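Chains as they are written, first to last, in the numbering used here: chain A, 1 to 402; chain B, 1001 to 1402. We put the beta carbon where it would ideally sit given N, CA and C, even for glycine. Every value quoted in this text rests on a predicted model; they were computed, and no experiment measured them. Below: the structure, in C-alpha cells.
Number of protein chains: 2
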Amino acid sequence: MISDLDKEMEKRDVQSLIVFGDQTLGNPDLAYVVGAPLPRGGIYLKRQGNKPTLVVSNIDVGSAKAGRVKSIKTYSDYGQEKIYSRYPRDDARAKFYMKMIKEEGIGGHTVIGGKNDSSNTLQLVDSLRKGGLNVVGEKSPTIIESVRETKDRFEIERLRRVGKRTCQVVKETTRFLRRATIRGSKAYYKSKPLKVGDVRRVIGGLLNENDLVAMEDTIFAPGRRSADPHYRGENEDLVRAGVPIVFDIFPSEPEGYWHDTTRTYVLGSPHRKVREMYDAVYEVQMNAVDMVKENAPCRELMLTACKLFESHGYPTARQLIKGNKEARVRGFIHSLGHGVGLTIGERPYLGLYGAERLREGAVVTIEPGLYDPKYGGVRIEDIMVVGSPSENLTSLDKDMEL
Amino acid sequence: MISDLDKEMEKRDVQSLIVFGDQTLGNPDLAYVVGAPLPRGGIYLKRQGNKPTLVVSNIDVGSAKAGRVKSIKTYSDYGQEKIYSRYPRDDARAKFYMKMIKEEGIGGHTVIGGKNDSSNTLQLVDSLRKGGLNVVGEKSPTIIESVRETKDRFEIERLRRVGKRTCQVVKETTRFLRRATIRGSKAYYKSKPLKVGDVRRVIGGLLNENDLVAMEDTIFAPGRRSADPHYRGENEDLVRAGVPIVFDIFPSEPEGYWHDTTRTYVLGSPHRKVREMYDAVYEVQMNAVDMVKENAPCRELMLTACKLFESHGYPTARQLIKGNKEARVRGFIHSLGHGVGLTIGERPYLGLYGAERLREGAVVTIEPGLYDPKYGGVRIEDIMVVGSPSENLTSLDKDMEL
C-alpha cells in the first residue's frame, strides 16, 4: 500500500522517484500515486522520507486536490511558459524537469516511472542523465508495482463499491434471462429466439446505469464454444437451453478500480457431464476461497486446485508442462487467479510459478474452470481480499440453474 | 501511413526499430505496427528497408496472422524457455532480446518504442546498450507518431465503419429522446421525470449492441452545467426542456479505431440566446469543415474559427492569451479539433500553436463550441478525412431541435 512507499524505496536504495504521464487513464502507476483522475496527467516527485509534490497544469489543480498528494504545484510555478518559449519542445522539457528536480531536491538514485512512450521517455532520461541526474532502471517488480500489490482500507472500500455494482449488473442480467421462454433446446424472448446480442444490450445498459465501464468486452459465451476460455460470444449466437453459458464480466469505475467475476448458468437442465463439471469447479472454487489467507504461497493454491481436479479425473495445466497435451484444450487449462486493483491483471499471480506468498491487503480472483470441446466451459470466479478473515467481494449465488 | 515507415526511418537516420508491449490494448504504437489485437502483446522488429518480424507466444500465432506482419515467429523460436530457466527474469529478458537482435540483424541507431513501464524499460535499454546495441531516444513526434498521423485506405475503411456505428447510436438515442413528453420546462418518459441515467442506459445498450466500447464516459450534459465542456452529466440530472443538451460520444471498436462526434439538442424550444449561440457554432463548424484540405495550416483553421466567433461578439481562446480573462469561461474556450485514429487524441492538433499543415489522409475532429455559464454549452463536432475531396465521416443532421 502507498504507506509502504518510503520503506520500499529505502530497501532498494532509491532516493528519489518521479512518476509522470499525459493522462492517468491507462497509466495505473500515475493514477495510483496521484489518487485521482488527471485528464491531462501530471508529474509526481518524491524524495525518500519526504512528502511528494504533484505538478499539474493550472486548470487541473482542482482535480489534483481530490487526490492524495497534499502539495500541488503548477507548471507555471516552475516557469514552464518562459522555458518553452525559448527552446524546442524536447529541450524545453528537459530543462523544465531539471528546474523542478533542483527545486524539489530530487537526487541520488532516481527512478522515473509511469506508462509512457518508451522512445520519447528515453530521450528525456538521456537528457537528465547528461544534466547529472542518476536515473536508474528497475527490475520487475518495480517499487510501485510492489507497493500496489497490497491495498489499504480506502482502496478496499472502493473495490467493495465496484464489486457491489458489478454484482448488481449480474443479478439484473439473470433476472432478464429468467424471463426467457424455454421450448426444447431453444430459448425465446418476446417470442423471438434469444441471441447474445439481446443480452449484451441489457448488460450494456446496466453497466452504464451503474456508472461502470467495460473496456474489454464482457464474455457471454453460450454452448460448446465456451470451451475456449477467451471466446466472448458473438451477437448472433443463439442462447440455447441445456448448455452452459459462461458469463465473465470485468468492468471498472471510470478511471478507478476493477471487479472481475464469472458465473456459469444453464437455462433449463444441464447435460449430466456439465453438471459433473460444475460440481467439481464449485468444490475447487470453494476450497480455494477458504485457502485465501495471509502468507499462503500462491503456487500452493494453484497446485491444490490442480490436485483436486485431477482426483476427479480432469486434466490440468500442471500436467501440460509434464507433457499431457490433452490439457491444452480439456480440463483446468489456465491459472487459478490474479491480482486486481487499478488494473484487471496485476500481482500477485496464482499460477504454477513464483514463490510469492499472499500478503495482507492483496486482492485476487479465484477462478477455477473446466473446459471440454464437447460440452463447453464452466467457470466460477470471485474476488477475495486477503485479511483476517479474508473477505469475498463478490456477493452472488453460485447456482448454475437459473 | 505504415508504408511511410522506411522513408521516415531513413529521414531520421534510424536503422532499426523495435516495438514491444505486454498487450496491444492501451499500446497504440504496438497495435498499429501489428495491425491486430494481441492479448499478450509481442515484439516487433524491423530493419530499415527490410520486412518486419513479429514475435509472439505460441498461442497467439493465430491472432498475429490476422495482422499486417507476414513473418510471425514465436518466443520458442529464439529459445526463450531455455534462457528463462537459466537466468533471473530481467537478465533473461535482456539475453533473449540480444538473441533476437542478433538473429534478425538489428543494429545501428535503434529505436525502442511502445507504451511501457518507463522504469522497467530503462532497465532493458541499459542492458541492451551494455550489450553493444546503440539505442537512441526520439524527440516528439517519434517515427511511429509521425507515420500514424496519416491513414491509409484500410484504416479509413475502419474509421468509416466505426463512424457509421456511432452515428447509429446517436440516431437511436435521439429517437428515444423524441418519445419524451414535454410539459412546460419538464420532460417525462413513461410519466416519470426523464433523467440522464435513463438516457445513459439506452446509450449503453446501443453501444454494446453495435460492438462499441466507451472507455471514457459519454458526455450527456443538459442545462447550464454543459457550459463546462468536460461536464459529463450525472445520472440524477433532470433532462429539462428548453435548455441545451450537449451529447458528445467517443467510442471505439474493441481494440480498434475511434469515432468522436458531438451534437447539441434542445427538447422543446430554446432560449433566444441559445439559438444565437447555435447559429454561430453552426456557421463556424460548416466553414471549418470546408477548410479541411491538404496543406491547410492547422493554426489557420483555428484562427479563422476564432475570428468568425469574434465577429459575432463572442470571446475566444486566442483573446485569452492576450489577457481577456472572460474567455476562460465564456465563448469559444477550447481548440478547434484534434486527430483521431487508434486513439481519441493524437496528431494533428488544430490549436493556436504549431506550424503543421493538414496532410492527406489525416483524420481530424472539427468541433467548435460556445459556452456561457448563464445558458450552457453548444458544440457541433464531425470527423473529417483530409483528401481530394475531404470526407465527412459523421453523417448526422445538424438540427438543434429534436
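Asked: Anything in chain B within Cβ reach of residue 324 of chain A, meaning under 7 Å, just list it in chain order.; Found: Near residue 324 of chain A there are no residues of chain B at all, since even the closest Cβ is about 16 Å away, more than 7 Å.
Asked: Please go through the same chain and pick out, in chain order, the residues whose beta-carbon is closer than 8 Å to the beta-carbon of residue 324 of chain A, but skip the five residues on each side of it.; Found: 315
Asked: Among the residues of its own chain, which have a CB less than 6 Å from the CB of residue 346 of chain A, if the five just before and after it don't count?; Found: 339
Asked: Looking only at its chain, what residues have a beta carbon closer than 6 Å to the beta carbon of residue 1046 of chain B, apart from the 5 residues adjacent to it on each side?; Found: 1017, 1052
Asked: What residues in the stretch 1196-1211 of chain B bring their beta carbon closer than 8 Å to a beta carbon of chain A?; Found: 1197, 1200, 1201, 1202, 1203, 1204, 1205, 1206, 1207, 1208, 1209, 1211
Asked: Evaluate contact between the stretch 117-125 of chain A and the stretch 1123-1142 of chain B, counting only Cβ atoms and requiring at least three cross-stretch pairs below 8 Å.; Found: yes
Asked: Could I get the ranges of all uninterrupted alpha helix (DSSP H) runs contained in the stretch 315-368 of chain A, with 4 residues as the minimum, in chain order?; Found: 317-320
Asked: Give a yes or no on whether the minimum CB-CB distance between residue 1230 of chain B and chain A is below 9 Å.; Found: yes
Asked: Could you give the distance in angstroms between the alpha-carbon of residue 196 of chain A and the alpha-carbon of residue 1306 of chain B?; Found: 48 Å
Asked: Residue 1094 of chain B: buried (16+ other C-beta within 10 angstroms of its C-beta) or exposed?; Found: buried
Asked: What number of angstroms, rounded off, separates the C-alpha of residue 332 of chain A from the C-alpha of residue 344 of chain A?; Found: 21 Å
Asked: Per DSSP, residue 392 of chain A is paired with what?; Found: A:384
Asked: For chain A, is any of its Cβ atoms less than 9 Å away from the one on residue 1008 of chain B?; Found: no
Asked: Give the straight-line distance between the Cα atoms of residue 1364 of chain B and residue 378 of chain A, rounded to the nearest whole angstrom.; Found: 45 Å
Asked: In this structure, does DSSP put residue 78 of chain A in helix, strand or coil?; Found: helix
Asked: Which of the three DSSP states is assigned to residue 1072 of chain B in this structure?; Found: strand
Asked: Is residue 1220 of chain B near the ligand ZN, going by C-beta to nearest heavy atom under 8 Å?; Found: Among the components of this structure there are no ligands whatsoever, and the ligand ZN is therefore not found.
Asked: Got a sec: which bits of the stretch 112-128 of chain A sit with their beta carbon under 9 Å from any beta carbon on chain B, in order along the chain?; Found: 112, 113, 114, 115, 116, 117, 118, 119, 120, 121, 122, 123, 124, 125, 126, 127
Asked: Considering only the alpha carbon of each residue, which of A:146, A:107, A:153, A:151 lies closest to residue 131 of chain A?; Found: A:107
Asked: Between the C-alpha atoms of residue 1287 of chain B and residue 1301 of chain B, what's the straight-line distance to the nearest angstrom?; Found: 9 Å
Asked: Anything in the stretch 242-265 of chain A with a Cβ closer than 9 Å to a Cβ of chain B? List those residues in chain order, please.; Found: 254, 255
Asked: Could you name the residues of chain B that residue 215 of chain A contacts, counting a contact when the two beta carbons are closer than 7 Å?; Found: 1213, 1215
Asked: Looking at the C-beta of residue 1145 of chain B, does it have a partner C-beta in chain A at a distance below 9 Å?; Found: yes
Asked: Is the stretch 1200-1208 of chain B touching the stretch 1271-1287 of chain B, taking contact as three or more C-beta pairs under 8 Å?; Found: no
Asked: For residue 1105 of chain B, would you say it is in contact with chain A, using Cβ-to-Cβ distances shorter than 9 Å as the test?; Found: no
Asked: At a CB-CB cut-off below 9 Å, which residues of chain A make contact with residue 1139 of chain B?; Found: 88, 89, 90, 91, 120, 123
Asked: Rounded to the nearest angstrom, how far is the Cβ of residue 113 of chain A from that of residue 19 of chain A, given a contact under 8 Å?; Found: 4 Å
Asked: Just to confirm my understanding: we take residue 1271 of chain B, look at its own chain, exclude 5 residues before and 5 after, and list those with CB closer than 8 Å. What are they?; Found: 1242, 1243, 1375
Asked: If we ignore side chains and look at the alpha-carbon of each, how far apart do residue 1295 of chain B and residue 1360 of chain B end up?; Found: 8 Å
Asked: Since residue 1056 of chain B contacts residue 1038 of chain B with CB under 8 Å, what's their CB separation in whole angstroms?; Found: 6 Å
Asked: Report yes or no: is there a C-beta of chain B within less than 9 Å of the C-beta of residue 142 of chain A?; Found: yes
Asked: Which residue comes first and which comes last in the beta strand (DSSP E) that contains residue 45 of chain A?; Found: 42-47
Asked: Is the Cβ of residue 1135 of chain B closer than 9 Å to any Cβ of chain A?; Found: yes
Asked: Return the residues of the stretch 23-34 of chain A that lie within a Cβ-Cβ distance of less than 8 Å from chain B, sorted by chain order.; Found: 25, 26, 29
Asked: Mapping the DSSP letters down to three states, classify residue 1016 of chain B as helix, strand or coil.; Found: strand
Asked: For residue 384 of chain A, which option in A:151, A:78, A:13 has the closest C-alpha, if you only look at C-alpha atoms?; Found: A:151
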